[in-house]
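Quick notes on the structure that follows.
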Amino acid sequence: MSQSTTDNPHHIDVKEFHPRARAAIADPKVRQNFRKAMDGLISKRKDAFEGWDLEALRDLGANVRLRALANLPDLLEQLEKKLTANGIYVHWAIDGDEACKIVRNICVARNARTVIKGKSMVSEEMELNHYLEERGIEALESDLGEYIVQLAGETPSHIIMPAIHKNTGEISELMHEKTGTDLSNDVEYLTASARQQLREKFMNADVGVSGVNFAVAETGTLCLVENEGNGRMTTTVPPCHIAVTGIEKVVGTLEDVAPLLALLTRSATGQHITTYFNMISSARKPGELDGPEEVHLVLIDNGRSSIYQDDELLDTLRCIRCGACMNHCPVYTRVGGHTYGTTYPGPIGKILMPHLIGLDEGRHLPTASSLCGACGEVCPVKIPIPDLLVRLRQESVDGDKLNPAKVRGHGAKRGSVEAMIWKGWSWMHARPGAYRFGTAVAARLRKLQPGKLGGWTKYRTAPKLAAKTLHERMKERGQ
Amino acid sequence: MADPIKVYPPKPSHVYFYATCLIDMFYPDAGMAGIQLLEREGIKVIFPEDQTCCGQPAYTSGYHDEARAVAKAQLDLFPEGWPIVVPSGSCGGMMRKHYPSLFKKTDQEKKATEIAARTWELTDFLLNVCHIKLEDLGDPTTVAMHTSCSARREMGVAEVGPRLIGQLQNVNLVEQIRAEECCGFGGTFTVRHPEISGAMVSEKVDALTDTGAGAFVTTDCGCMMNIAGFAEKNNKPLEGQHILSFLWERTSPDNGGDS
């Protein structure tokens, strides 16, 4: 799997979460950039849903996604048939490497040397840019945020706003260094400079690669949501368009798209609708003046079908990639996207990535949450993210004999000392007499209570045991 | 799909009081305050002696066999059909929202589901079942409130605390910025990810201190020991109190109404 290739310049050891988190927390720039950006997004989302029955809309969104997932195999077949009938080539990839190979083979067959890319998190998951570059094919990001991230040699820190970790000053310096633009805090000037450089690339690119937000089975339509027009350019200017997406992105009908789109743009950026909404249903037809000669869709599995096998974990696949969970996550806001070391950061990353990279590699992801529930509360399709985090915690310690763990790499976090502590804890708390005796003794010996309790007392004073437990006081009261 | 609508029971003659282990060992005064508030409403409070812990610490840590063993020991404590009241959104949430799935496909499933359905967060119970009317006997004061995430999101009682405090005519309730943001407690999260938790509680203490109140009340002892513990260690002028202690102290003549 491409996530685990060692020759990738972006390769990050996901297990090293703690040092990255410590560094991010100690970096005031990271803290400020994310806090400011997330505060803005939270308030925009709130305003955008003003006057809507949000709960009813979220119920509808969840039901649309659940229905699509319930019929996933049939819908995928229907989608393939319809797309093929429309003249779009459909490819299936078991993982990122296979998907990369498919894209490359199409490029090779067309003698393509340059690829222009619209924003696509699935292509990040595939590590497509790196794969193509290594094989002599230039891949240039055209989404402004992705373009900045690519210039910096980084990965996206947010699934909707890839360069959100940088402020204007940092972007200006980066562009000055890499492309020779003047140093400036004028966002319009910087955007115009990038646009000018990208325009030229669009005109000369041999292939355009994009993602897909919704693939409609009934009509064979690929829907693409974007704001900059680069998605439309990517999918219409080069002679060949390759769309890449996960197998879960399929929905039944165009009617299904309406509520999901209403939820997606409002949840993501607080927009009622994005500037562009592309619906692609075929290559250029005879007599048409523009559009690509050839359109391909690569459908990638990469662990999704194993998620699909489990009734509870299945909910992970409802996701429409709006990013609201990370915008509202107090952990993500503190540590930023790069700390996770995964393609998808934040709450959705914590429940999705363990399936893509294994729970051994992603062992710290499910624990990096206070289970505050903000993510589940804002999720437009009501994914019970906190419950899934608890489920993955159970999987990572093999903690439930009744429901044996099954996610790849399960049990990797089970330590014999910790397991013994919980066994002891459980023994005492399942025996009321032992509990009463133990707590009463602790209350008597409270003066001996240690003043240091690991990570707790690094930041806080130790909680103080009461002189008498409530049990004792109720006993004295005669109850 | 939508969460089931809460249907409040009529005011009962008796309730079971489930204290929670944190209150039992660290904050028994908050437990006593809750019991006294209930008794003042004319309700007979039963304190099952064999109660220990709801099992949540092991549950959220992934040790579900261990959590189930502890939770199972609680299921027999409530034989009559009376409501079970819990002075915590977190432990209440564990019993109300997670017991049914924890005992799924076991012999205890039916009992766990039945118990979950009659578990109530105590302030919610006082306001919406007892329809409590509070008479403020205390001096004028200003206080901030932090509602725990589980009280807010699992038990859906975010409005309850402010409404109860709103009945106290001498209390000025001030709202912190980002009131809905987590304080960084999250049980074992505080020791598994101490720096992240520390950053969260640090900002929460700032938000509460910036209200100028100097004191805050909360629905949950976990948040309280986190927020007040950070404030104490870092010499911030912020005191914490469980909302039940606060309500009882201000309305009980025995206390001279002192807050």
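Each protein sequence line maps, in turn, to chains A and B. Counting from 312, one number per residue, gives the positions in the first sequence under the numbering used here. Counting from 40, one number per residue, gives the positions in the second sequence under the numbering used here. Heads up, the beta-carbon is just placed ideally off N, CA and C, and yes, glycines get one too.
Close beta carbons around V606 (chain A), own chain, < 6 Å, minus the five adjacent residues each side: Cβ neighbours of V606 (chain A) beyond the five flanking positions: I399, H552 and A594.
Any chain A beta carbon closer than 8 Å to I44 (chain B): Interface with chain A (8 Å Cβ-Cβ cutoff): I44 (chain B) is excluded.
8 Å Cβ cutoff met for A373 (chain A) and R629 (chain A): In this structure, R629 (chain A) lies closer than 8 Å to A373 (chain A) by Cβ.
Three CB pairs or more closer than 8 Å across the stretch 320-338 of chain A and the stretch 672-692 of chain A: In short, these stretches touch, since the Cβ pair count reaches three.
Sufficient close CB pairs (3 or more, under 8 Å) joining the stretch 225-242 of chain B to the stretch 162-174 of chain B: No, the stretch 225-242 of chain B does not touch the stretch 162-174 of chain B.
Through-space distance from A246 (chain B) to Q705 (chain A), alpha-carbon basis: Distance between the alpha carbons of Q705 (chain A) and A246 (chain B) is about 34 Å.
Chain-ordered neighbours of R231 (chain B) on chain A, where CB pairs are closer than 7 Å: Those within 7 Å of R231 (chain B) in chain A are T678.
Residue(s) in a DSSP beta bridge with F255 (chain B): Under the DSSP definition of a beta bridge, F255 (chain B) partners with B:A183 and B:G279.
Counted within 10 angstroms of its Cβ, other Cβ atoms place K143 (chain B) as buried (16 or more) or exposed: The residue in question, K143 (chain B), is exposed, as its Cβ has fewer than 16 Cβ neighbours within 10 Å.
S453 (chain A), DSSP secondary structure in three states: Of the three classes helix, strand and coil, the one that applies to S453 (chain A) here is coil, per DSSP.
Contact list for M785 (chain A) against chain B, beta-carbon separation under 7 Å: Counting only Cβ-Cβ distances below 7 Å, M785 (chain A) has contacts in chain B at F86, in chain order.
8 Å Cβ cutoff, E148 (chain B) in contact with chain A: With 8 Å as the cut-off, E148 (chain B) does not count as an interface residue toward chain A.
Touch test, the stretch 615-623 of chain A against the stretch 521-539 of chain A, Cβ-Cβ under 8 Å, three pairs minimum: With a cut-off of 8 Å on Cβ pairs, the stretch 615-623 of chain A is not in contact with the stretch 521-539 of chain A, counting fewer than three such pairs.
With 16 other Cβ atoms within 10 Å as the buried cut-off, status of L600 (chain A): Under a 10 Å Cβ-count criterion, L600 (chain A) is classified as exposed, with fewer than 16 other Cβ atoms of the shown protein chains found around its own Cβ.
Where the beta strand (DSSP E) through Y587 (chain A) begins and ends: Where Y587 (chain A) is concerned, the enclosing beta strand (DSSP E) stretches over Y587 to I591.
Buried versus exposed call for L161 (chain B) [16 or more other C-beta atoms within 10 Å across all chains shown]: Looking at its Cβ environment, which holds 16 or more other Cβ atoms inside 10 Å, L161 (chain B) is buried.
Residues of the stretch 232-249 of chain B whose Cβ lies closer than 8 Å to any Cβ of chain A, in chain order: Cβ contacts with chain A come from H232, P233, E234, I235, S236, G237, A238, M239, V240 and S241.
Test: V426 (chain A) CB closer than 8 Å to a CB of chain B: For V426 (chain A), the answer is no, since every Cβ of chain B falls outside 8 Å of its Cβ.
Same chain, Cβ closer than 6 Å to I659 (chain A), neighbours up to 5 away in sequence not counted: The beta carbon of I659 (chain A) sits closer than 6 Å to those of C630 and C636, all from its chain and outside the five residues before and after it, given in chain order.
Inter-residue CB distance, T186 (chain B) and T258 (chain B) (contact presumed, cutoff 8 Å): Cβ atoms of T186 (chain B) and T258 (chain B) come within 8 Å of each other, at about 6 Å.
Within chain B, partners of T772 (chain A) - CB distance below 7 Å: In chain order: G268, E271 and K272.
At least three beta-carbon pairs within less than 8 Å, the stretch 643-650 of chain A to the stretch 334-348 of chain A: Between the stretch 643-650 of chain A and the stretch 334-348 of chain A there are three or more inter-stretch CB-CB distances shorter than 8 Å, so the stretches are counted as touching.
Where C534 (chain A) falls: helix, strand or coil (DSSP): Residue state, collapsed to three classes: strand.
Whole-angstrom distance between G542 (chain A) and H402 (chain A), CA atom to CA atom: Their Cα atoms are separated by approximately 21 Å.
8 Å Cβ cutoff, E484 (chain A) in contact with chain B: With a threshold of 8 Å between beta carbons, E484 (chain A) makes no contact with chain B.
CB contact flag (I459 (chain A), K477 (chain A), <8 Å): Yes.
Chain B contacts made by the stretch 705-724 of chain A, where a contact means CB separation under 9 Å: Residues of the stretch 705-724 of chain A that bring their beta carbon within less than 9 Å of a beta carbon in chain B comprise Q705, E706, S707, V708, D709, G710, D711, K712, L713, N714 and K724, in sequence order.
contact_flag[the stretch 421-438 of chain A, the stretch 511-527 of chain A] where n(CB pairs < 8 Å) is 3 or more: Yes: at least three Cβ pairs fall under 8 Å.
CB contact below 8 Å: T99 (chain B) versus chain A: Using beta-carbon distances, T99 (chain B) counts as an interface residue toward chain A, with a partner under 8 Å.
As assigned by DSSP and simplified to three states, the class of S127 (chain B): Looking at S127 (chain B) - three-state DSSP - the assignment turns out to be coil, as it is neither helix nor strand.
Any C-beta of chain A under 8 Å from that of V256 (chain B): The Cβ of V256 (chain B) sits no closer than 8 Å to any Cβ of chain A.
Under the three-state DSSP convention, the category T425 (chain A) falls into: T425 (chain A) falls in the strand class under three-state DSSP.
Cβ pair count under 8 Å reaching 3, the stretch 45-58 of chain B against the stretch 120-127 of chain B: Taking one beta carbon from each stretch, the stretch 45-58 of chain B and the stretch 120-127 of chain B have 3 or more pairs nearer than 8 Å; the two touch.
Endpoints, beta strand (DSSP E) assigned at Y400 (chain A): Taken as a continuous stretch (DSSP letters only), the beta strand (DSSP E) holding Y400 (chain A) covers Y400 to A404.
Identified DSSP bridge partners for G673 (chain A): Paired residue(s): none; G673 (chain A) is not in a bridge.
Status (buried if at least 16 other CB within 10 Å, exposed otherwise) for A41 (chain B): Bear in mind that the predicted position of A41 (chain B) carries a pLDDT of just 45, short of 50, making it unreliable; the figure below should be weighed with that in mind. Flag for A41 (chain B) reads exposed.
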